[in-house]
Amino acid sequence: MKDFFHGMSYMLRGVRHLFTRGLKRFVLLPLVINFIMFAGLFYLIYHYLLPYAYHYINQLPSWLSFLSNIFFIIFILSFFLMFLSLFTVFFNLIAAPLNGLLAEKTQNIFFGSAIPSLPFYKIVLRSIKRQIEFLSYFLPRFLVIGGLFFIPFLQPIYPFLWFLFNAWILSIQYQDFAMDNNLISFKETRKKVASSKMHSLGLGFSINLVSFIPILNILTLPAAVIGGTMLCCELNKHLLKPLNV
1 MKDFFHGMSY
11 MLRGVRHLFT
21 RGLKRFVLLP
31 LVINFIMFAG
41 LFYLIYHYLL
51 PYAYHYINQL
61 PSWLSFLSNI
71 FFIIFILSFF
81 LMFLSLFTVF
91 FNLIAAPLNG
101 LLAEKTQNIF
111 FGSAIPSLPF
121 YKIVLRSIKR
131 QIEFLSYFLP
141 RFLVIGGLFF
151 IPFLQPIYPF
161 LWFLFNAWIL
171 SIQYQDFAMD
181 NNLISFKETR
191 KKVASSKMHS
201 LGLGFSINLV
211 SFIPILNILT
221 LPAAVIGGTM
231 LCCELNKHLL
241 KPLNV
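With the first letter of the sequence shown counted as 1, position 171 gets the number 171 in the UniProt record's numbering; the numbers rise by one all the way through.
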């Protein structure tokens, strides 16, 4: 559990370093993107999910009516986490170049390390390939977890399943910006994340928690990039290239 709580601390470090000198200008656009994401998410929940939730609860047989509040909470939590997962992955794909730059500057400032240089066209091709690899990993698992909602006896623990799935996916995605910058393949990234499973789950768990806190959740995206980069670099110091080389 020590590794788990240590992993959680990286999100807090990310929040603390958001306005560190040298990083501030790279944080602004990810903050704007994150604001748009959460605004869209809450609009979707308020205008579409809540009416559907009430309709779903009204379909319960009368002998289950005393459980309506519990079912309502399970429904809202489950679908909030589902949409959070989908929105976060989608917006991170859009913001990948900005997040990659923020991860690079974090590595420069806090670890005195440079990323390997590549021609621009190779960076573009590598980025496209990386996003396809990530989506190939994410989408089948997302669909499987989504399908579990229709298994009745799993519904009481369904929000927990989404929370755990989100923690894992977000941990991979936010560490992957630094991994990709250092030319570590996505397959190898998954192995490295799995080898430090408790650290990674701790990071993902804390990202999930912050996403539930109003105002603070606006900081999630850039703070998670910084925190994920710090975790990645500290666990893989032997792979980092000094700035003066």
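Every residue gets a Cβ at the ideal spot worked out from N, C-alpha and C, and that includes glycine.
As the structure is a computational prediction, the values presented were derived from the model and not from experiment.
Nearest-angstrom Cβ-Cβ length linking Gly-14 and Ile-218, presumed shorter than 8 Å: Translated into the one-based positions of the sequence shown, residue 14 becomes position 14. Translated into the one-based positions of the sequence shown, residue 218 becomes position 218. Their Cβ separation, rounded to whole angstroms, is 13 Å, which puts Gly-14 and Ile-218 out of contact at 8 Å.
Within 8 Å, strictly: CB atoms of Asn-181 and Gln-107: The residue labelled residue 181 in the question sits at position 181 within the sequence shown. The residue labelled residue 107 in the question sits at position 107 within the sequence shown. Closer than 8 Å, so yes.
Counted within 10 angstroms of its Cβ, other Cβ atoms place Met-1 as buried (16 or more) or exposed: Residue mapping note: residue 1 aligns to position 1 of the sequence shown, counting from 1. Exposed, since its Cβ has fewer than 16 Cβ neighbours within 10 Å.
Own chain partners of Tyr-158 with C-beta closer than 7 Å, once the 5 adjacent residues on each side are dropped: Counted from its first residue, the sequence shown places residue 158 at position 158. Closer than 7 Å at Cβ, skipping near neighbours: Ile-74, Ser-78, Leu-148, Phe-149.
Through-space distance from Cys-232 to His-238, alpha-carbon basis: As a first step, residue 238 must be located in the sequence shown, where it is residue number 238. As a first step, residue 232 must be located in the sequence shown, where it is residue number 232. Taken atom to atom, the span from the alpha-carbon of His-238 to that of Cys-232 is near 11 Å.
With 16 other Cβ atoms within 10 Å as the buried cut-off, status of Ser-211: Walking along the sequence shown from the start, residue 211 turns up at place 211. That one is buried.
Three-state secondary structure (DSSP) of Pro-214: In the sequence shown, residue 214 corresponds to position 214, counting from 1. The answer is coil: DSSP assigns Pro-214 none of H, G, I, E or B.
Which of helix, strand or coil DSSP assigns to Ala-39: For the purposes of this step, residue 39 is identified with residue 39 of the sequence shown, where counting begins at 1. Three-state DSSP puts Ala-39 in a helix.
Same chain only: Cβ atoms within 8 Å of Pro-30, ignoring 5 sequence neighbours per side: In the sequence shown, counting from the first residue as 1, residue 30 sits at position 30. Cβ within range, chain order: Ala-95, Leu-98, Asn-99, Leu-102, Leu-221, Pro-222, Val-225.
Closest by C-alpha distance to Ser-195, when choosing among Thr-20, Leu-44, Ser-127, Ser-171: Translated into the one-based positions of the sequence shown, residue 195 becomes position 195. For Ser-195, the nearest C-alpha among the options comes from Ser-171.
Nearest neighbour of Lys-105, chosen from Ser-200, Phe-4, Gly-22, Phe-5 [CA to CA]: Sequence index remark: in the sequence shown, residue 105 carries index 105 (1-based). The closest CA to that of Lys-105, considering only Ser-200, Phe-4, Gly-22, Phe-5, is found on Gly-22.
Member of Leu-81, His-55, Leu-44, Ser-85 whose CA lies at the smallest distance from the CA of Leu-135: Against the sequence shown, residue 135 aligns to sequence position 135. The residue with the shortest Cα to Cα distance from Leu-135 is Ser-85.
Own chain partners of Thr-229 with C-beta closer than 7 Å, once the 5 adjacent residues on each side are dropped: Counting from one through the sequence shown, the residue named residue 229 turns up at place 229. Only Ala-103, Thr-106, Gln-107, Phe-177, Ala-178 meet the Cβ criterion.
Nearest-angstrom Cα separation, counted from Arg-126 out to His-199: Translated into positions along the sequence shown, residue 199 becomes position 199. Translated into positions along the sequence shown, residue 126 becomes position 126. So the two alpha carbons sit approximately 27 Å from each other.
Nearest-angstrom Cα separation, counted from Asn-34 out to Leu-41: The count along the sequence shown starts at 1 and reaches residue 41 at position 41. The count along the sequence shown starts at 1 and reaches residue 34 at position 34. Taking the straight line from one Cα to the other gives about 10 Å.
Coil, strand or helix - Ala-114 by DSSP: By one-based count along the sequence shown, residue 114 stands at place 114. Looking at Ala-114 - three-state DSSP - the assignment turns out to be strand.
Inter-residue spacing [alpha-carbon to alpha-carbon] between Ser-206 and Ala-167: Numbered from its first residue, the sequence shown carries residue 206 at position 206. Numbered from its first residue, the sequence shown carries residue 167 at position 167. Cα to Cα, the separation comes out at about 8 Å.
Asp-3 to Gln-175 span [Cα, whole Å]: In the sequence shown, the residue the question calls residue 3 occupies position 3. In the sequence shown, the residue the question calls residue 175 occupies position 175. Cα to Cα, the separation comes out at about 16 Å.
From Ile-213, Lys-191, Pro-214, Ile-215, residue whose alpha carbon lies closest to that of Leu-235: For the purposes of this step, residue 235 is identified with residue 235 of the sequence shown, where counting begins at 1. Here the closest residue by C-alpha is Lys-191.
Among Leu-67, Trp-162, Met-37, nearest to Leu-215 - alpha-carbon criterion: Within the sequence shown, the letter at position 215 stands for residue 215. As written in the sequence, residue 215 is Ile, which differs from the Leu given in the question. The candidate whose alpha carbon is nearest that of Ile-215 is Met-37.
Any beta strand (DSSP E) of 3 or more consecutive residues that is wholly inside the stretch 125-185: none
CB contact flag (Phe-71, Gly-202, <8 Å): The count along the sequence shown starts at 1 and reaches residue 71 at position 71. The count along the sequence shown starts at 1 and reaches residue 202 at position 202. The answer is no: Cβ separation not under 8 Å.
Endpoints, alpha helix (DSSP H) assigned at His-6: Against the sequence shown, residue 6 aligns to sequence position 6. First-last of the alpha helix (DSSP H) with His-6: 2-16.
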